[in-house]
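These protein sequences, in sequence, are chains F, G, V and S. Quick note: the first sequence uses the working numbering, first residue 25, plus one each step. Quick note: the second sequence uses the working numbering, first residue 25, plus one each step. Quick note: the third sequence uses the working numbering, first residue 10, plus one each step. Quick note: the fourth sequence uses the working numbering, first residue 10, plus one each step. Yeah, the Cβ is synthetic: ideal placement off N, Cα and C, and Gly gets one too. Fair warning: this is a prediction, and the values are worked out from it, not measured in the lab.
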Amino acid sequence: MKKIMNQPKDVLNDMLEGFCYTHEDLVSRINDTGVICRKFVDQGKVALVSGGGSGHEPSHAGYVGQGMLSAAVCGEVFTSPTPDQILEAIKQADQGAGVLLIVKNYTGDIMNFEMAQELAEMEGISVEHIVVNDDISLEPRQKSDRRGVAGTVFVHKILGAAAENGATLSQLKNMGNDIVTHMATLGVSLLPATVPEVGKPGFDLAEDELEFGIGIHGEPGYRREQLKPSKGIAQELVSQLKSELQWEKGEHIAVLVNGLGATPLMEQFIFMNDVQSMLQEEALVVDYKKVGNYMTAIDMAGVSLTILRLADADWKTYLQHPVQTPAPF
Amino acid sequence: MKKIMNQPKDVLNDMLEGFCYTHEDLVSRINDTGVICRKFVDQGKVALVSGGGSGHEPSHAGYVGQGMLSAAVCGEVFTSPTPDQILEAIKQADQGAGVLLIVKNYTGDIMNFEMAQELAEMEGISVEHIVVNDDISLEPRQKSDRRGVAGTVFVHKILGAAAENGATLSQLKNMGNDIVTHMATLGVSLLPATVPEVGKPGFDLAEDELEFGIGIHGEPGYRREQLKPSKGIAQELVSQLKSELQWEKGEHIAVLVNGLGATPLMEQFIFMNDVQSMLQEEALVVDYKKVGNYMTAIDMAGVSLTILRLADADWKTYLQHPVQTPAPF
Amino acid sequence: MLTVENTTTWLVTFTDKITQQTAYLSELDQAIGDGDHGSNMARGTTAMKAKLENTAFTSVSELFKVAAMTLISTVGGASGPLYGSAFLAMSKQAEASTEDVPAIIKAGLEGIQKRGKAERGEKTMVDVWAAALDALDTNTLTHHTIEEAVHETKHIQATKGRAAYLADRSVGHLDPGAVSTGYLFEAMLEGDIIQ
Amino acid sequence: MLTVENTTTWLVTFTDKITQQTAYLSELDQAIGDGDHGSNMARGTTAMKAKLENTAFTSVSELFKVAAMTLISTVGGASGPLYGSAFLAMSKQAEASTEDVPAIIKAGLEGIQKRGKAERGEKTMVDVWAAALDALDTNTLTHHTIEEAVHETKHIQATKGRAAYLADRSVGHLDPGAVSTGYLFEAMLEGDIIQ
Ligand SMILES: Nc1ncnc2c1ncn2[C@@H]1O[C@H](COP(=O)(O)OP(=O)(O)O)[C@@H](O)[C@H]1O
Ligand SMILES: Nc1ncnc2c1ncn2[C@@H]1O[C@H](COP(=O)(O)OP(=O)(O)O)[C@@H](O)[C@H]1O
Ligand SMILES: [Mg+2]
Ligand SMILES: [Mg+2]
Ligand SMILES: [Mg+2]
Ligand SMILES: [Mg+2]
């Protein structure tokens, strides 16, 4: 394992310190926790709180700021944060209009966020949660088991703008659930990630292999294949997303090409170029597009492709809404 | 070599197509060239043109836009662009107030940009150029031989804001040269980069080794050592930069921690945390700081550290000046 | 019967086993999960042990509650809320009686199932809790029965937790949570809690 | 004496040698540079060859000028402006006379040195250009003298171009630009340009 770090067990703390120092104009950390809060709060607006295990930088702390999240709860690497910390975040974020938790669909995250929600409700705070499960990798399994991956940042962005715009807790919850049903993501991995405390790669992949559908914690995908050109990867991912979303010609969509950590922009733009020409063949109208590292998997090499059907015209406006966050959006 | 790409020889074109598609609201490409221009021009202002070999994404095309560059010339991977393309960029960028070329100090870049400057002058355009040589890696060699690396983006940013603010060509040239004398950068590499057309890593580094002072094209550094903790790396780089810049307590500086392509934000923030505590010991006042991938070396793992002494109070203002560019700044 | 003393010994022994087997637990989790079960449990139980050794408890119920809250706030992941919910439920049951050890374990298992919605046979820690409860009920809890229950998870296809993503490829691997639960009951045996 | 015909043959032969040795040239550049000299020269000479084969030239000067402009606009890196400046200077010289081949090569060398500021002995293409010129002047240009001049760069420490970053570690490696220049003069020999 070759990493720039000190003790593996200190990775989370060291990283959060560096992050909060770098972005001290926008965010601060609640002492001795993994909770990152924004410095400028929207009085009277619903607060959005997200989080999960670390290792997905800039998610989620990078999206704390005006127009997006009110707080992010950062767990240990690839490990859900604990209910007491999530509770701290909820208490800090709440401005009296309630708190919406945005949770990615993993057993650990669900349980910890639910426990925190129960605790917060006992303290009289209105809390709701939505579950993001955009990863269509494991087709045959039931939809409720799907993992939450890069599409989560679209949820942050749209709901963040809507919250700033004065949407209520129940409106945000409904909107969030609606977004999730119109969104699908699929990833491809070329090289595995290494969790610092584990010290070795999470899986093996031969020098000429890639794996489709891998999760952002290295969870297994749906197929291993010979390494293929970008065009072929785009073809596979777009056609899988198509059979999930069942889009029609002329539909408006948002597209996210997301790097998994070790894949440079060069490759991401090449991939976007191939995606673009396929979407053009499909006669889709791409109203919003992003390329970059938004939801990484530590140092995994690969990309994911997210497509969101813009079923509601507001979503486009909200996606384009300017934000003030450590990570650009 | 595991890369998401099609034919290695098409990497530049495919990447530029994907880039221009993604950022079509801000930039466009001059057909059949590697020249990326901004869509909104500042009438009557001096235009900044930068460029060099590709593989340093988001540099330089990512910094084309309001408040920064007017155009970027993208050569083949790690290969200087040609004079005819640079000339096209100059002609396209010139708004009548002249063009400043920002060139990194490599034989190839210098010669190609100089030839382009000569050609442009023959066409009656006022052109000046500055040479950025911030890499202090090879101490004993003469200063004029130093390579240009990540500090270049500080030059783009400060001069870009100054140009927007109405500075003249000669003022910008002087300011640029002044910035360069107050700036130093040093990098460390953990894993080499692979040029697509070469197909194998540019150098070998053992599983437990790192190399200090490596260049952004994999040029040799000044020392190979056992892999060490982030703190030790920060110590080495900060103390080298100190002996170059000879700063004193209380001085104001700008800091850039730059990822080289394959190193995730997690490690960059950890590193920034260690840098931060060393700069604090030095009693320096950090007025401006950035962490992220600004000047990469394809898929090299590692970081570089740039320190700019804010010798002129305007520089801080210009660094903070908002920009509208594909890559955030 | 549980006392503050033997319960402390039990949980401290559990912690020591986890600490010794941290790497092994993570390795098991790397095969069918995300490789953090060892460090999650080590972080949590170490914090719990410190709390237990630095607190003077007046009841077993209080002890379990502190253990629960510590695990909940330090383990994270899936296992944190699950062990936490188990110990929280055990704390409630111990309020009623510390005599009936099987009843306390039964409460723990119910706490886990309420939180995690897993049934027996889904290749989770539930399988070992349930087997241990059966054994306690019939007075047959031994190193052998625990080992057997843990080993049994090898042949099951996971349908809950991260291992479920592997579908049939999860068969042939021990469930890490089942193994750590095995240590809990091993520690109980060694603690002379049951006669 | 240079004619449009033998000059075309010369540069086409040069292109073919570069095309055959692309990987080798890049390998040499990878050792002491950035590994692109082969692809730079292959891209440029291929474009040049296509231009030469599709244009009807009325003079050698015109031919060199088109070759120069093509190289300048397709090679990139350090070698593009250098070969380009050489051919541009050779074009000018060929305007005056196409009889005196050494004078044309001398002009080319001066073009390179004006652009790149390298002297002989700095481990660059200059070394082979200069050695070839010496040999032309004394009528001793042969495969052997070219090979010797190229080989000589192995023992030099680079003080210009990327290889200079390696300081004394550049010793022991051939200079890639010297090797590609060697092909230029080999092609000249094979083209029956000099008697
Ligand atoms: N729904 C569930 N019910 C009971 N136990 C579960 C459930 N989901 C996961 N587990 C247990 O949790 C263990 C994994 O814990 P851990 O690795 O710490 O958390 P995570 O899976 O979040 O990384 C599994 O081996 C399994 O025994
Ligand atoms: N200043 C110079 N004068 C003459 N030749 C030079 C000079 N700098 C570099 N070269 C030649 O250029 C060659 C490298 O060319 P190339 O690899 O195509 O460009 P780059 O170094 O920009 O990648 C060197 O091997 C050397 O022969
Ligand atoms: Mg986990
Ligand atoms: Mg080059
Ligand atoms: Mg786990
Ligand atoms: Mg080269």
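Query: Could you tell me whether any Cβ in chain F is nearer than 7 Å to the Cβ of residue 27(V)?; Result: no
Query: What does the Cβ neighbour count give for residue 270(G), buried or exposed, with the cut at 16 atoms within 10 Å?; Result: exposed
Query: Given the structure, does residue 38(S) come close to ligand 6, in the sense that its CB is under 6 Å from one of the ligand's heavy atoms?; Result: yes
Query: Would a C-beta distance cut-off of 7 Å place residue 120(V) and residue 87(V) closer than the cut-off?; Result: no
Query: For a contact meaning CB atoms closer than 9 Å, what does residue 327(F) contact in chain G?; Result: 28
Query: Where in the region 186 to 261 of chain F do unbroken runs of the beta strand (DSSP E), each at least 3 residues long, occur, reported from the N-terminal end onward?; Result: 207 to 215, 233 to 236, 247 to 250
Query: Since residue 80(V) and residue 114(V) should fall inside the 8 Å C-beta cutoff, what is the C-beta to C-beta distance between them, to a whole number of angstroms?; Result: Contact doesn't hold; Cβ gap of about 16 Å is too wide.
Query: Do residue 145(V) and residue 111(V) have their C-beta atoms closer together than 7 Å?; Result: yes
Query: Does the beta-carbon of residue 137(F), which I'm using as the reference point, lie nearer than 6 Å to any heavy atom of ligand 3?; Result: no
Query: Does DSSP classify residue 149(F) as helix, strand or coil?; Result: coil
Query: Do residue 296(G) and residue 81(F) count as a contact pair if the criterion is CB distance below 7 Å?; Result: no
Query: What are the uninterrupted segments assigned as alpha helix (DSSP H) that are 4 or more residues long and contained completely in the region 87 to 164 of chain V, given in chain order?; Result: 88 to 105, 110 to 125, 134 to 146, 152 to 161
Query: So is residue 94(F) in contact with chain V if we call contact Cβ pairs under 7 Å?; Result: no
Query: List, in order along the chain, the chain F residues whose C-beta lies closer than 7 Å to that of residue 296(G)?; Result: 42, 45, 46
Query: If you draw a straight line from the alpha carbon of residue 118(G) to that of residue 35(G), how long is it in whole angstroms?; Result: 29 Å
Query: Should residue 47(F) be labelled buried (16 or more other beta-carbon atoms within 10 Å of its own) or exposed?; Result: buried
Query: Which of the three DSSP states, helix, strand or coil, is assigned to residue 69(F)?; Result: coil
Query: On the DSSP bridge assignment, give the partners of residue 324(F) in chain order.; Result: 285(F)
Query: Quick check: residue 345(G) and residue 43(S), are their CB atoms within less than 7 Å of each other?; Result: no
Query: Using CA atoms only, rank isn't needed, just tell me which of 336(G), 276(G), 258(G), 124(G) is closest to residue 282(G).; Result: 258(G)
Query: My guess is that residue 312(F) and residue 278(F) are in contact by the Cβ rule of under 8 Å, so how many angstroms apart are they, rounded?; Result: 4 Å
Query: Quick one: which chain F residues come within Cβ less than 7 Å of residue 287(G)?; Result: 28
Query: For residue 201(G), verify whether its CB is less than 6 Å away from any heavy atom of ligand 2.; Result: no
Query: By Cβ distance, which residues of its chain are closer than 7 Å to residue 90(S), with the 5 residues on each side in sequence left out?; Result: 81, 124
Query: What are the boundary residues of the alpha helix (DSSP H) that residue 311(F) is part of?; Result: Where residue 311(F) is concerned, there is no enclosing alpha helix (DSSP H), although the beta strand (DSSP E) it sits in stretches over 309 to 316.
Query: Output, in chain order, the set of chain F residues within a Cβ distance shorter than 7 Å of residue 175(G).; Result: None at all; the shortest Cβ gap to chain F is about 18 Å.
Query: Note the first and the last residue of the continuous alpha helix (DSSP H) segment covering residue 52(S).; Result: 46 to 62
Query: For residue 102(G), decide whether its Cβ has a neighbour in chain S, counting only Cβ atoms nearer than 7 Å.; Result: yes
Query: Determine whether the beta carbon atoms of residue 77(V) and residue 93(V) lie at a separation below 7 Å.; Result: yes
Query: Please state the DSSP three-state secondary structure of residue 125(F).; Result: strand
Query: Under the rule that 16 or more other beta-carbon atoms within 10 Å means buried, what is residue 207(F), buried or exposed?; Result: buried
Query: Exposed or buried, which one is residue 201(G) when buried takes at least 16 other CB atoms within 10 Å?; Result: exposed
Query: Using a beta-carbon distance below 7 Å, is residue 92(V) in contact with chain F?; Result: no
Query: Which chain G residues are close to residue 169(S), counting only those with a beta carbon under 8 Å from its beta carbon?; Result: 131
Query: For residue 176(S), collect the residues of the same chain with a Cβ closer than 6 Å to its Cβ; drop the 5 residues on either side in sequence, then sort them by chain order.; Result: none
Query: Name, please, each residue of chain S whose Cβ falls closer than 7 Å to the Cβ of residue 324(G).; Result: The premise fails here: residue 324(G) is roughly 12 Å from chain S at the closest Cβ pair, so nothing lies under 7 Å.
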